[in-house]
């Protein structure tokens, strides 16, 4: 049953008043506007989301670019810093080329660098009433001498009473002789143990991998700080020895000077470094010595003739000379950049690289520069002449010919060399091979008369081979 028209109108009015919207049965009479508003709102929301996304994406890219820029700048800074460090290292290398070892002035030293309170003198020592022989002459009257921290600090005649014994240990020698310690220019102890075994003989690097040229070897790396022969050597008054590689190679490697005192360090251990004469002196300030050999020994091992040996040595010097040239040219560039901007220094390192270094040539280049002293095993006149010829071609000075048993036959030739070459020879050790057949007991006198410096040396442990008793035993065995 339908409601009266009046009743429906009243309900519609009440509905509109309550909700401000048409009743359901009248809604179709109004226009459809809500879906359009929803679409507009959706489009607006989408635009907002797109804008937010794009803003976020832009921000992310900005942060990433900032980080990449930061990392790139940091890497460039680190690279620049590293290159500047390399440049400064090159400056040091170039400066070192012009630095040569120097002997300190006696008055500038307050203590021997080797001295330590644990193993050295704990108080001064005074020797009185001694006969002093300084290597040249004997003092005409008794002398007193004072030692402190490994140094001679005072010297005076006993009669003058000029040296005080306050705080010192005093010894009256009653005229006994005191001399400087003897120096042996050629020894192999500490590298070839005594008594000897084949496995303990480390003075010759005979190896096909290297051949007859091993200037890059260091005898320091073969030394054994417990060799008992050291104490025997010291007991004979030899306080210092030049330890050299053997003579199997044309260039045998670098030698070093030792003090013949075992366990001289503060802890009293067998340490090679503490044996060195220049212990506690910076490595770059130490003296260096190169062992070379000519004649029978390298010829027998490698089968070359004398002219073959000469060529091998020339070739090594030629390579070293070329390397020296590269170093000098590089250092000229470093010098020209030293006062320039960091940017130019960076460009220099980038273009030229590091200081030219070659471990196999370093010691030979040192010889060409005069930083490494040449000690040459050589016996015969023709070999002296060849070595002086070859070294003269490259400006290398021969400091000493070792063994040199026929040097007495050519003193004027040696003197004409003009570089004060020393003959380090034996007093009477000879006749053990062809090169030793023409020796002379008058050799040292003849050389001295011609103004050639002479030094007697041991060649320990080689002297054992010709000891009197061993020779007699060998002759007996040969007679059987």
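Numbering (the UniProt record's numbering), first residue to last: 1 to 480. Don't be surprised by glycine CBs; every beta carbon is placed ideally from N, CA and C.
Point to revise | Which of helix, strand or coil DSSP assigns to residue 289 | key: strand
Review point. Taking C-alpha atoms, which residue in 267, 301, 415, 231 lies nearest to residue 206?
Key: 301
Review point. For residue 380, does the count of other Cβ atoms within 10 angstroms reach 16, so buried, or fall short, so exposed?
Key: buried
Exercise for review: Report the residue from 248, 199, 196, 254 whose alpha carbon sits nearest the alpha carbon of residue 220.
Suggested key: 254
Check your understanding: Just how far apart, CA to CA, sit residue 231 and residue 89?
Key -> 43 Å
**Study point:** Through-space distance from residue 157 to residue 86, alpha-carbon basis
**Key:** Distance between the alpha carbons of residue 86 and residue 157 is about 58 Å.
Check your understanding: Between which two residues does the beta strand (DSSP E) containing residue 238 stretch?
Key -> 238–243
Exercise for review: State buried or exposed for residue 461, treating a residue as buried only when at least 16 other CB atoms are found within 10 Å of its CB.
Suggested key: buried
Review point. Is it the case that the Cβ atoms of residue 354 and residue 84 are separated by a distance below 8 Å?
Key: no
**Study point:** Element boundaries [beta strand (DSSP E), containing residue 297]
**Key:** Run containing residue 297: none in the beta strand (DSSP E); it sits in the alpha helix (DSSP H), 296–302.
Practice item. Would you list, in sequence order, the uninterrupted beta strand (DSSP E) runs of no fewer than 3 residues that lie entirely inside the segment 101–176? Key: 125–132, 143–148, 151–157, 169–172
**Study point:** Span separating the alpha-carbon of residue 30 from that of residue 45
**Key:** Note on residue 30: pLDDT 49, under 50, position unreliable in the model; the coordinate value appears next. Straight-line Cα distance between these residues: approximately 27 Å.
Point to revise | Chain-order list of residues whose beta-carbon lies under 8 Å from that of residue 345 (same chain, five-residue window excluded) | key: 83, 84, 87, 337
Practice item. Please work out which residues of its chain come closer than 7 Å, Cβ to Cβ, to residue 448, disregarding the five sequence neighbours upstream and downstream, and give them in chain order. Key: Excluding sequence neighbours, residue 448 sits near 454.
Exercise for review: Keeping to the same chain, check which residues put their C-beta closer than 8 Å to that of residue 243; ignore five residues upstream and five downstream.
Suggested key: 187, 188, 189, 190, 191, 219, 223, 255, 256, 257, 258
Exercise for review: Have a look at 317, 58, 276 and flag the residue whose alpha-carbon is nearest the alpha-carbon of residue 362.
Suggested key: 317
Practice item. Tell me whether residue 459 is buried or exposed, calling it buried when 16 or more other Cβ atoms sit within 10 Å of its Cβ. Key: buried
Review point. Which residues in the same chain have their Cβ closer than 7 Å to the Cβ of residue 349, if we skip the five residues on either side of it in sequence?
Key: Once the five neighbours on either side are set aside, the close Cβ partners of residue 349 are 83, 86, 87.
Point to revise | DSSP state of residue 30 mapped onto helix, strand, coil | key: Any reading at residue 30 must be qualified, since the residue scores a pLDDT of 49, below 50, and its modelled position is unreliable; the value itself is stated next. Residue state, collapsed to three classes: coil.
Practice item. In the DSSP assignment, find the unbroken alpha helix (DSSP H) run with residue 445 in it and report its ends. Key: 443–449
Review point. Comparing alpha-carbon positions, which option in 131, 137, 399, 126 lies nearest residue 164?
Key: 126
Exercise for review: Take the Cβ of residue 457 as the centre, count every other Cβ of all protein chains shown within 10 Å, and call the residue buried at 16 or more, exposed below.
Suggested key: buried
Point to revise | Limits of the beta strand (DSSP E) - the one that residue 255 falls within | key: 251–259
Practice item. Confirm, please, whether the CB-CB distance from residue 405 to residue 452 is below 8 Å. Key: no
Review point. Can the beta-carbon of residue 168 be found closer than 8 Å to that of residue 119?
Key: Cβ distance not < 8 Å, so residue 168 and residue 119 don't count as in contact.
**Study point:** Exposed unless 16 or more other CB atoms sit within 10 angstroms - verdict on residue 64
**Key:** exposed
Review point. In or out: residue 98 buried (at least 16 other Cβ within 10 Å) or exposed?
Key: exposed
Check your understanding: Can you give the beta carbon distance from residue 130 to residue 142, rounded, assuming they're within the 8 Å contact cut?
Key -> 7 Å
Check your understanding: Roughly how many angstroms separate the alpha carbons of residue 376 and residue 166, rounded to a whole number?
Key -> 49 Å
Point to revise | N- and C-terminal bounds of the alpha helix (DSSP H) containing residue 196 | key: Counting along the chain, residue 196 falls outside any alpha helix (DSSP H), and DSSP gives it neither H nor E.
Review point. In three-state DSSP terms, what is residue 460?
Key: strand
**Study point:** Pairwise C-alpha distance: residue 214 and residue 311
**Key:** 16 Å
Check your understanding: By Cβ distance, which residues of its chain are closer than 6 Å to residue 233, with the 5 residues on each side in sequence left out?
Key -> Residues 260 of the same chain have their beta carbon placed closer than 6 Å to that of residue 233, with the five preceding and five following residues left out of the count.
Practice item. Give the C-beta separation of residue 276 and residue 239 to the nearest angstrom, bearing in mind that I take them to be a contact with Cβ-Cβ under 8 Å. Key: Taking 8 Å as the upper bound for CB-CB distance, residue 276 and residue 239 are not in contact here, some 13 Å apart.
Review point. In chain order, what residues of the same chain lie with their CB nearer than 6 Å to the CB of residue 248, ignoring the 5 residues before and after it?
Key: 204, 206, 297, 301
Review point. From which residue to which residue does the alpha helix (DSSP H) around residue 323 run?
Key: 306–337
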